[in-house]
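Trainee: Which chain is which? The protein sequence lines are A and B, in order.
110 is the number that this note's numbering gives to position 110 of the first sequence; each next residue is one higher, with no gaps.
Counting from 1 along the second sequence, just add 116 to a position and that's the residue number in this note's numbering.
Backbone N, C-alpha and C fix where the C-beta goes; we use that ideal spot for every residue, glycine too.
Predicted, not measured: the structure shown is a model, and the values here were computed from it.
Sharing a structure below in structure tokens format, with a few things to ask.
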Amino acid sequence: DTEVTQTPKHLVMGMTNKKSLKCEQHMGHRAMYWYKQKAKKPPELMFVYSYEKLSINESVPSRFSPECPNSSLLNLHLHALQPEDSALYLCASSQVVGRADTDTQYFGPGTRLTVL
Amino acid sequence: KNQVEQSPQSLIILEGKNCTLQCNYTVSPFSNLRWYKQDTGRGPVSLTIMTFSENTKSNGRYTATLDADTKQSSLHITASQLSDSASYICVVSSASGGSYIPTFGRGTSLIVHP
């Protein structure tokens, strides 16, 4: 199984709503990532979890709150978002640093988020 | 600051033709270089991965090269197909704190016309 799944595929929310994005992988990867991607731009790294601990937070606003409840799951909790937060949110996973020739980040299909 | 530059920004070719995409990087310490294909609205899919000691790697009609001395990579697509229309992203990673930290290029948008 080399698949990363993300739910929901699409999400529309108001600025006062609270919602969560979910990501799941069963490849035994111990590093998981959240990215934000705007149209025609490369993905921007938001958070990195390594062994279920937050290791990198790329100065993301507190209205985005990540959570890694176990080694297979990664959540992104959303609260009081702004319209400019509308984007494709990608989850990825990889082996924790080991053999560089086998590492790759496996991406999920993304959640298309629209904030009204 | 780690950077990855890709060229051209966009490319239009006819079906059946070959093309080459370029990637220059200044990432340190270098761990690996990957090429991804991303269809619009979908997650990126890995095409190739190369480490410092590798010069070339193929995946079907895709062939990637790496020159670690000049810090350049290329992705050659042979006999292009309509389904090759996508964004091709070069990603160079550093190993840090138990995870691979990627630096993304802005991508080359490839359009294949019949």
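Taking all protein chains shown into account, do 16 or more other C-beta atoms lie within 10 angstroms of the C-beta of V143/B, making it buried, or fewer, making it exposed?
Mentor: Classification for V143/B: buried.
Trainee: What are the partner residues of D183/B, as DSSP defines its beta bridges?
Mentor: D183/B pairs with Q188/B.
Trainee: Please state the DSSP three-state secondary structure of P83/A.
Mentor: P83/A falls in the helix class under three-state DSSP.
Trainee: Classify M46/A: buried if its beta carbon has 16 or more other beta carbons within 10 angstroms, exposed otherwise.
Mentor: That one is buried.
Trainee: Secondary structure at S62/A, three-state DSSP: helix, strand or coil?
Mentor: Residue state, collapsed to three classes: coil.
Trainee: Can you grab the Cα-Cα spacing for the pair L88/A / G110/A, in whole Å?
Mentor: Taking the straight line from one Cα to the other gives about 6 Å.
Trainee: Which residue's Cα is closest to the Cα of Y178/B: C139/B, S196/B, T167/B, S147/B?
Mentor: Ranking C139/B, S196/B, T167/B, S147/B by Cα distance to Y178/B puts S196/B first.
Trainee: Distance cutoff 7 Å, beta carbons only. Does A127/A sit that close to anything in chain B?
Mentor: Lying outside 1 to 116, the shown extent of chain A, residue 127/A is not represented and no answer is given.
Trainee: On a CA-only basis, which of I227/B, Q138/B, R158/B, D200/B is nearest T181/B? Give me that one, please.
Mentor: Comparing Cα-Cα distances from T181/B to each of I227/B, Q138/B, R158/B, D200/B, the minimum goes to Q138/B.
Trainee: So that I know if they touch, is there some Cβ in chain A lying closer than 7 Å to that of A162/B?
Mentor: Residue identity check: residue 162/B is Ser in the sequence provided, not Ala. So, interface residue.
Trainee: Under a Cβ-count criterion, where at least 16 other Cβ atoms within 10 Å of its own Cβ denotes burial, should F168/B be classed as buried or exposed?
Mentor: The residue is exposed, with fewer than 16 neighbouring Cβ atoms inside 10 Å.
Trainee: Looking only at its chain, what residues have a beta carbon closer than 8 Å to the beta carbon of E58/A, apart from the 5 residues adjacent to it on each side?
Mentor: So the qualifying residues of the chain are E44, L45, M46, F47.
Trainee: Assuming the contact rule is C-beta atoms closer than 8 Å, C114/A and V4/A should be a hit. Round their C-beta distance to whole Å, please.
Mentor: Per the sequence presented here, residue 114/A reads as Thr, with Cys not at that position. In fact, because the Cβ distance is near 22 Å, the residues do not count as touching under 8 Å.
Trainee: Taking only the alpha-carbon atoms, compute the straight-line gap between N140/B and N171/B and give it to the nearest angstrom.
Mentor: Roughly 15 Å separates the two Cα atoms.
Trainee: Count the other CB atoms within 10 Å of the CB of N175/B; is the residue buried (16 or more) or exposed (fewer)?
Mentor: Answer is exposed; the Cβ neighbour count stays below 16.
Trainee: State the CB to CB distance for the pair Q25/A and S55/A, rounded to an integer number of angstroms; the pair is presumed to be in contact (CB under 8 Å).
Mentor: Not confirmed; about 17 Å, so no contact.
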